[in-house]
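Contents: one structure, followed by commentary.
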């Protein structure tokens, strides 16, 4: 059997009487794009927060790259090769796009107790940062302050920052949030391009994107995984239709 | 750094450099001491701006580190150790250690809690100094000027002035390098978005603590010079109002810039000195109430003059605070 890239065992998290993650077991396989879907309040963001280290689970275990990371700090997880993007765009607004990515490179280029040489002229940071920007299609936007980028570009920049840390696992929290049709299409293409090189856990509301991208899908309802499987399986699953897709179809 | 910023910095430093010849020509020695005092506070203000403007750490107890530096010199002097080569490094080391300790605890909090805890630590030191009966308690104690093995004579106002000037210049240059270095990028980006910094892999706490300690060390140097200037040390240096004044200097001059706090210290201390005189000229005894003018001036600067005096001269650089470099 293949060693999973990320293993979630018996994960539990409650806020008072609200159970956000309820005895969740899940294996993310290396190289797959694994989408996690579910209605609002299903505990998707809480799950991402526990995987990235922002929240401590009440019980259970998260294993990544063969290590138990359940109580590891956020920066330590990043050092192991786990990167994330945020649901609400989280970038360094008053730095340029290139600075943003260069900071991500710097985070994984040894310690930063270096006080003398100007970081913004350091080819060891700038060159890979420029390459990362070009890779996601922002090559000519490097000098623009991040705050002045369009919403779609900011979302792309988030991905570029996550990729710049050379992660083995990417946690993407609604990368298409707030995007227009064209921007979404471009993002799907971008993520398609990552297939094979990265393991991706994708949380997304845009079902077209999910079904276009995912190798496997897990459906989360009230913090429990009610189904995991290939897109076709999920589409055909009666419990899923009842809990989630049915209402989507009715809305559409 | 834009061309205008470089020019503004150079002109400011040149102006400080030519003060002594001018005071000699016009036979006004008093101004030399006053300008030395301004440069000492400028150093304290610049060090505060490193953590406040660049690092986003609103430390409301910065005068404490000036006090530690001053007391280090005063206490050594009390025990007959006047050697500046010993006093100055010890003063800076003492400030660094206390900055490290206070910072380590304070940086576990953020926002208003951080402001309050830094203030509380500073007040703790203030009352501790008052309790030091051996060193004059409330009244403070006199302190001899440091000896530098005959190389420089600090009893000579001119030599003292240029020592302060060189210290300020060196501090400004070192910080100019620092804020653009990898380390500088880390604390500036942590100010912008700490959560993102952690997600991307930085343990920001360590870097912020290092920045806090560096600021305290520089402020300790300012304190050591301050003890020499006054030939006197008292708990008053550490009073919270002084922490507030240093912060006002930063905001007046231009938060998130290096030369801004120097301009702010100059403006603040010159106003404090001359505003009462000017007011007396307008109306007899009005000078006592100089704060009536000073207060609104400060409020106006905070409300309308975003970027402070620095922005007046570098209007092109209307970046959001903290990021002109």
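Residue numbers (the numbering used here), protein chains in the order written: chain A, 238 to 489; chain B, -18 to 306.
A virtual CB, placed ideally from N, CA and C, is assigned to each residue, including glycine.
Every value quoted in this text rests on a predicted model; they were computed, and no experiment measured them.
The beta carbon of residue 45 of chain B sits closer than 6 Å to the beta carbons of 103, 106, 219 from its chain, once the five residues preceding and following it are set aside; these are given in chain order. Not a single C-beta of chain B is nearer than 8 Å to the C-beta of residue 435 of chain A.
Listed in chain order, the positions of the stretch 185 to 206 of chain B with a beta carbon within less than 9 Å of a beta carbon of chain A are 185, 187, 188, 191, 195.
Residue 39 of chain B and residue 311 of chain A have their alpha carbons spaced roughly 24 Å apart.
Contacts between residue 355 of chain A and chain B, judged by CB atoms closer than 7 Å, involve 161, 162 in chain order. Inclusion of residue 465 of chain A and residue 263 of chain A in the CB contact set at 8 Å is warranted, their separation being smaller than that value.
Using a Cβ-Cβ cut-off of 8 Å, residue 247 of chain B does not count as an interface residue toward chain A, since no Cβ of chain A sits closer than that to its own. When rounded, the separation of the alpha-carbon atoms in residue 260 of chain B and residue 344 of chain A is 55 Å.
The contact set of residue 170 of chain B on chain A, defined by CB atoms closer than 7 Å, consists of 329, 332, 340 in chain order. Under the Cβ criterion (8 Å, minimum of three pairs), the stretch 385 to 402 of chain A counts as touching the stretch 319 to 330 of chain A. The secondary-structure analysis by DSSP pairs residue 413 of chain A with nothing; it has no beta-bridge partner. Per the DSSP secondary-structure output, residue 270 of chain B pairs with nothing in a beta bridge.
Between residue 395 of chain A and residue 342 of chain A, the C-beta spacing is not below 8 Å.
For the pair residue 275 of chain B and residue 26 of chain B, the CB atoms are not nearer than the 8 Å cut-off. Uninterrupted alpha helix (DSSP H) stretches at least 4 residues long and entirely within the stretch 59 to 107 of chain B occur at 65 to 87, given in chain order. In the three-state reduction of the DSSP assignment, residue 262 of chain A falls in the strand class, which pools E and B.
Apart from the 5 residues on each side of it in sequence, residue 279 of chain A sits with its Cβ closer than 6 Å to the Cβ of 457, 458 in its chain, given in chain order. Taking a 10 Å sphere around the C-beta of residue 269 of chain A, we find 16 or more other C-beta atoms and assign the residue as buried. The beta carbon of residue 345 of chain A falls within 8 Å of a beta carbon belonging to chain B, placing the residue at that interface. The stretch 463 to 479 of chain A makes no contact with the stretch 295 to 314 of chain A; the number of CB pairs closer than 8 Å stays below 3. Checking the DSSP bridge columns, you'll see residue 291 of chain A has no partner listed. Counting the other CB atoms within 10 Å of its CB gives residue 91 of chain B a total below 16, which places it among the exposed residues. Under the Cβ criterion of 8 Å, residue 7 of chain B is not counted among the residues facing chain A. Residues of the stretch 257 to 273 of chain A with a C-beta atom less than 7 Å from some C-beta of chain B do not occur. Chain A has no Cβ within less than 8 Å of the Cβ of residue -16 of chain B. Neighbours of residue 158 of chain B in chain A, taken as residues at a C-beta separation under 9 Å, are given in chain order as 352, 353, 354, 355. The C-alpha of residue 50 of chain B lies about 12 Å from the C-alpha of residue 216 of chain B. From the beta-carbon of residue 349 of chain A, the residues of chain B found nearer than 8 Å are 163, 164, 166, 167, 183, 188.
With respect to chain B, the C-beta atom of residue 321 of chain A has a partner C-beta closer than 8 Å. Under DSSP, residue 271 of chain A forms a beta bridge with A/438, A/453. Taken through DSSP and simplified to helix, strand or coil, residue 355 of chain A comes out as strand.
Judged by DSSP secondary structure, residue 301 of chain A falls within the beta strand (DSSP E) whose first and last residues are 296 to 301.
Beta bridge pairing from DSSP links residue 249 of chain A with A/296. Within the same chain, and ignoring the five residues on either side of residue 251 of chain A in sequence, the residues whose Cβ sits closer than 7 Å to its Cβ are 257, 295. Residue 454 of chain A sits away from residue 242 of chain A, with the two beta carbons spaced by 8 Å or more. Counting only the Cα atoms, residue 127 of chain B lies some 5 Å from residue 65 of chain B.
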